[in-house]
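Trainee: In the working numbering, the protein residues as written are 157 to 437.
The beta-carbon is built from N, C-alpha and C at its ideal position, and this holds for glycine as well.
Here the structure is a predicted model, which is why all the values come from computation and not from measurement.
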Ligand SMILES: [Fe+2]
Ligand SMILES: [Fe+2]
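1. Any heavy atom of ligand 2 inside 7 angstroms of the beta-carbon of residue 262?
2. CB-CB under 7 angstroms to residue 178, same chain, minus the five flanking residues each way: which ones, in chain order?
3. Strictly closer than 6 angstroms from CB to any heavy atom of ligand 2: give me those residues in the order they appear in the chain.
4. If you draw a straight line from the C-alpha of residue 346 to the C-alpha of residue 284, how long is it?
5. Residues in its own chain within less than 8 angstroms of residue 269 by CB, not counting five upstream and five downstream?
6. Pull up the DSSP beta-bridge partners for residue 436, would you.
7. Could you tell me whether any non-hydrogen atom of ligand 1 is closer than 7 angstroms to the CB of residue 214?
8. How should residue 437 be labelled, buried or exposed, when 16 other C-beta atoms within 10 angstroms of its C-beta is the threshold for buried?
9. Just to check, is the beta-carbon of residue 173 closer than 7 angstroms to a non-hydrogen atom of ligand 1?
10. Answer with buried or exposed for residue 409, where buried requires no fewer than 16 other C-beta atoms within 10 angstroms of its C-beta.
11. Measuring from the CB of residue 284, is there a heavy atom of ligand 1 at a distance below 7 angstroms?
12. If contact is defined by three or more beta carbon pairs under 8 angstroms, each pair taking one atom from either stretch, is the segment 197 to 211 in contact with the segment 260 to 275?
13. Could you tell me the distance, in whole angstroms, from the CA atom of residue 321 to the CA atom of residue 406?
14. Decide if residue 374 is buried, meaning its Cβ has at least 16 other Cβ atoms within 10 Å, or exposed.
15. Could you give the first and the last residue of the continuous beta strand (DSSP E) run that contains residue 196?
16. Should residue 385 be counted as a contact of ligand 1 given a C-beta to heavy atom distance under 7 angstroms?
17. Using only alpha-carbon positions, find the residue among 172, 300, 354 that is nearest to residue 411.
18. What are the uninterrupted segments assigned as beta strand (DSSP E) that are 3 or more residues long and contained completely in the segment 239 to 318, given in chain order?
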């Protein structure tokens, strides 16, 4: 089984829809992979602003993957529930409703953690905005799984359902402090962006990252996330928690990344290796 990892496509923002269309074309018409042993995981920020139009347009694009035969799994990002500075409960409901079959492939259970079993693998999706949908927590959207979801995750990882399986966890927010150690060059004209990033870095991390890492320690094989748009291999950090592979999907459509090529990873769960595909902008 192989995973095609997409993230942070921010559909609805400027040229990103056309870029994503190229990714869809690439995986369906031009260089298709075998849907029998490849599935797609999108780790959130599918859309840029939580509007009905953006949800409808994004849905059509994901449906193209499905029509080709790919199973698509999706977890929500902060932009899917609102935007970069806040999330809101109504947008969260709307997003879960629109994409319920991608977020909760097991239609019987429409709550997190979501579970999808295939071959010898268990794919577990989390909502890293779940505990941020009220009060002042709604602002800044740095991610908060919440005690209830972590308790369910703990039980799920102990359950018979996933015993002996290769565990793939996916969520939107970056769980490692490492993700914030990258600083863009000074002098590129984005003074306020850098200042904002520097001043807020200390608390712009998944709020319960520590509890999350303690729970998943030695109990997962692959951890996938996005949010930071860096696209780094964080396995050096995750191996401290006994997780061999941890990958930040970056922004597949190069949203605000200033890169000259799109890229996505294909992760081979059997050999625990990865390959990167590039599409020049
Ligand atoms: Fe994003
Ligand atoms: Fe995000």
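Mentor: According to the structure data:
1. no
2. 435
3. 201, 233, 234, 235, 328, 383
4. 28 angstroms
5. 280, 281, 282, 305, 308, 309, 312
6. 417
7. no
8. exposed
9. no
10. buried
11. no
12. no
13. 27 angstroms
14. exposed
15. 194 to 198
16. yes
17. 172
18. 270 to 274, 277 to 281
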